[in-house]
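Just so we're aligned, residue 33 is where the sequence shown starts under the working numbering, counting upward by one.
Beta carbons: idealized from backbone N, C-alpha and C, even for Gly.
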Amino acid sequence: MKNLKFILLLLMMVSGAISAVGQQPDNKSAFEFLQGNGVYEEGMMVFLKGLRESIWTHFDLFITDAKALAAIFMIIFFAIKSYDMISGDKKLEVMPLLRPFGLVMVIMWWGGFTKMIAFPTDLVAVKTEEMFASEQSNVNALRLTRADYMQKVANALYSFEAETELAEKESDTWAGRAWDSVTSTIKEGMSTVVSPVIELKNRLKIGMQLLLTQLLELLGIWILRIAVYVLFMIQILYSSILIILGPFAVAASILPSFRDSMSTWIARFISVNLYVGIGYLVMYLVALMQKYAMTVEINRYKELIGEDGSAANLEKMAWFAGNGILSFGTVILSFVIGAVCMFTVPSISTWIISTSGISSAASNFGRGSQTVMGVAKKAGGSFF
């Protein structure tokens with residue numbers, strides 16, 4: 033009788049725990065809320081694209097000043113040419129005298145001129161963005177599938193460790209002697225009460241492993257996101273400066289001493305605009321690597337718990353439980369490698385259009401990326 037009262041009391045105390053164990057949260061919504069709706073946040077990518085397109089609305093900010101400067105430089109240019117012809121050092125040449133007028137026309141039609149220069153790079157960007165978007169949608173779907181399997185593995189570990197602890201308690205020598213005198217009905221009642229309590233305790237322990245795994249993945253994915261966002265922000269910054277202040281470079285090229293300033297500006301402008309196309313191409317290749325990594329980990333999770341999560345392999349589950357984290361590390365590594373690859377985009381751009389100015393800027397960008405990686409390492413080290 034006392035045993036029955038004890039069982040009823042325990043049932044009342046752990047009824048909340050039993051219902052909490054039985055409830056299954058919306059893992060997809062929680063996962064998207066915590067880590068975003070994709071490897072790269074859709075809202076941020078749309079914002080960066082809109083910000084890049086908004087540059088063209090400010091192209092004429094210094095057009096009037098550049099025209100005035102060009103007029104002054106034209107007077108100086110014609111004065112130099114006139115003096116050379118008066119002194120007899122040079123003969124009259126018509127075509128060189130027409131060059132300043134052509135440069136002034138470029139300044140007057142600056143918006144159309146810059147769009148014409150950017151047209152080939154925009155075609156590259158559109159094509160590579162389509163390639164990236166088609167592959168990234170598959171990666172995002174696999175990412176959710178992998179998160180679902182990871183949660184199923186955690187749930188299987190909860191039950192697996194609860195069963196092992198309950199079996200250990202039942203096999204205890206002291207408890208075994210008392211257990212023999214209890215009827216089968218009471219044994220079943222005790223198992224029903226004790227098993228959820230042990231499972232709830234294991235959830236706290238395995239939940240820490242799941243938390244650590246998610247923190248590591250969140251750190252890896254944010255390193256990748258920071259690399260992508262910084263690259264596009266650098267491209268927007270450089271493009272804005274080149275478009276807004278470019279008319280001064282064209283005006284300066286009127287003078288013989290700065291004759292190459294316009295050609296240098298064109299090379300730099302093309303090189304900077306290639307960041308977008310090359311960036312999406314690198315992101316496409318990184319997406320292929322992420323797809324492989326996620327497919328590999330999903331297959332390994334299936335080996336642990338089966339297709340539907342109900343056929344757990346106890347031997348492999350025991351190996352996996354001692355891993356420390358609920359991940360095989362392949363996906364986290366793919367995120368970090370992707371971030372490193374994104375830092376190479378400025379250098380790749382200079383291989384196509386060689387410019388010393390952009391090379392210097394790319395080296396500064398590389399030093400900045402090393403700083404970001406150092407901060408990420410310190411942040412990662414703080415978790416251990």
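In this structure, Leu248 is the residue among Ser293, Leu248 and Thr153 with its C-alpha nearest to the C-alpha of Ser366.
Nearest to Phe164 by alpha-carbon distance, out of Met315, Lys81 and Leu256, is Met315. Apart from sequence neighbours up to five positions away, the residues of its chain that approach Phe145 with a beta-carbon distance below 8 Å are Val138, ordered along the chain. Distance from the CA atom of Gly309 to the CA atom of Glu167, rounded to whole angstroms, is 16 Å.
The C-beta separation of Ile275 from Phe91 comes to about 5 Å, placing the pair in contact by the 8 Å criterion.
Residue range Ser293 to Ile337 is occupied by the alpha helix (DSSP H) that includes Ser295.
In the three-state reduction of the DSSP assignment, Ser379 falls in the helix class, which pools H, G and I. If you compare the alpha carbons of Ala179, Val71 and Ser272 with that of Leu93, the shortest gap goes to Ser272. In this chain, the alpha helix (DSSP H) harbouring Ile104 covers Ile95 to Ser119. Rounded to whole angstroms, the gap between the alpha carbons of Glu73 and Val260 is 11 Å. Between Val377 and Ile253, the CB-CB gap reaches or exceeds 9 Å. Taking the C-beta atoms as reference points, Gly143 is found nearer than 9 Å to Trp88. By the C-beta density criterion, Ile108 is exposed, having fewer than 16 other C-beta atoms within 10 angstroms. Taking every protein chain shown into account, the CB of Lys184 has 16 or more other CB atoms within 10 angstroms, so this residue is buried. Excluding residues up to 5 positions away in sequence, Ala150 and Thr153 lie with their Cβ nearer than 6 Å to the Cβ of Asn305 in the same chain. Contact check for Ala102 and Val126: beta-carbon distance about 20 Å, past the 8 Å limit, so the pair fails to qualify. Distance from the CA atom of Leu287 to the CA atom of Phe280, rounded to whole angstroms, is 12 Å.
Residue range Val126 to Met140 is occupied by the alpha helix (DSSP H) that includes Pro132. In the DSSP assignment, Gly361 falls outside any alpha helix (DSSP H), carrying neither H nor E. The three-state reading of DSSP puts Lys159 in helix, counting H, G and I together.
Contact annotation: Val363 and Glu335 have beta-carbon atoms that are not nearer than 9 Å. Distances from the alpha-carbon of Glu161 to those of Met326, Leu317 and Ser379 put Leu317 closest. When DSSP states are grouped into helix, strand and coil, Gly252 belongs to the helix group.
Relative to the Cα of Tyr324, the nearest Cα in the group Ser285, Met294 and Ala173 belongs to Ala173.
With contacts defined by Cβ atoms closer than 9 Å, Ile384 and Ser295 do not form a contacting pair. The shortest CA-to-CA distance from Arg291 to any of Arg131, Arg175, Met76 and Leu251 is the one to Arg131. Annotated three-state conformation of Leu287 is coil, per DSSP.
Residues of the same chain with a CB within less than 8 Å of the CB of Asp116, apart from the 5 flanking positions on each side, are Lys122 in chain order. Here the alpha carbon of Asp180 sits roughly 11 Å from the alpha carbon of Asn187. Boundaries of the alpha helix (DSSP H) around Glu85: Glu74 to Glu85. The three-state secondary structure of Ser169, taken from DSSP, is helix. Linking Leu129 to Gly278 through their CA atoms gives a straight-line distance of about 22 Å. The beta carbon of Cys373 is closer than 8 Å to those of Val314, Leu317 and Val318 in its chain, skipping five residues each way along the sequence.
Residue state for Asn69 is assigned as coil, using DSSP reduced to three classes.
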